[in-house]
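Each residue of the sequence shown is one higher than the one before, starting from 1031 at the first, in our numbering.
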Amino acid sequence: MSSESLQSAQPAPAICRRTILAALGVAGATAALTACGGSDDSSSGSSGASESSSSAGSGGGGEALAKTSEIPEGGGKVFADQKVVVTQPTAGEFKAFSTVCPHQNQQINAVDKGLITCPAHGSQFSVTDGSVEKGPATSALTTANIKVEGDSIMLA
């Protein structure tokens, strides 16, 4: 071996623990964002007496939630097991929203005086469209799929 080849051979740089931890952190963050990013395609549009549409709600097709007479006009009812709140903003118009508060993912537990309320920090949302009426939440509740058939309200 020549002296020239010995001089040009340099040891590979050592990989420090900080570099490895940073790479693992980026990989973990990417995995978390991928897992959480699947439901950003909410669509708005339909309303009326027969259904409310979007991408949230835990949903089992056709599971009866309530009778239309059980949802007070101008108010609503929380279905904790299904993670959905159903409202009736005006007579015969039914809407549904996820019970997960967008502020810190706490569960909504009450509907009163035209407002859907999160008990954790007091955020309040409109029964009409789920929009923020009082913070600290800064984004609306996610709409959920329901359908009304006759006098039954079901998850869509």
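Idealized CB from N, CA, C, for every residue including glycine.
Nonlocal neighbours in the same chain, by C-beta distance under 6 Å from residue i, ignoring five residues either side
i: A1140; result: T1147
i: S1161; result: A1170
i: G1187; result: What is shown of the chain runs 1031 to 1186, which leaves residue 1187 out entirely.
i: K1164; result: Q1154
i: S1156; result: E1163
i: S1099; result: none
i: S1074; result: Residue placement at S1074 is poorly supported in this model, since its pLDDT is 34, which falls under 50; the coordinates still yield a value, given next. Once the five neighbours on either side are set aside, S1074 has no close Cβ partner at all.
Cutoff 9 Å: residue i Cβ touching any chain D Cβ
i: T1173; result: This model lacks chain D altogether; it includes just one protein chain.
Distance between residue j and residue i (C-alpha atoms, nearest Å)
i: M1184; j: P1102; result: 16 Å
i: K1097; j: D1181; result: 5 Å
i: K1125; j: Q1154; result: 16 Å
i: P1166; j: A1186; result: 30 Å
i: F1127; j: K1113; result: 9 Å
i: V1115; j: V1108; result: 4 Å
i: E1019; j: T1172; result: Given a span of 1031 to 1186 for the chain in the structure shown, any question on residue 1019 remains unanswerable.
i: Q1136; j: T1117; result: 19 Å
i: T1168; j: N1175; result: 22 Å
i: V1130; j: L1095; result: 18 Å
Coil, strand or helix - residue i by DSSP
i: T1173; result: strand
i: S1161; result: coil
i: Q1154; result: strand
i: Q1112; result: helix
i: E1123; result: coil
i: T1168; result: coil
i: T1117; result: strand
i: T1098; result: helix
i: G1106; result: strand
i: Q1136; result: coil
i: D1142; result: strand
Integer Cβ distance of residue i from residue j, believed to fall under 8 Å
i: A1150; j: Q1134; result: 6 Å
C-beta atoms of residue i and residue j nearer than 9 Å
i: P1132; j: T1158; result: no
Close Cβ partners of residue i (< 7 Å) along its chain, the five nearest in sequence each way excluded
i: G1106; result: V1115, V1116, T1117, Q1118, V1141, I1146 and V1157
i: A1121; result: E1103
Same chain, Cβ closer than 8 Å to residue i, five either side skipped, listed in chain order
i: G1152; result: K1164 and P1166
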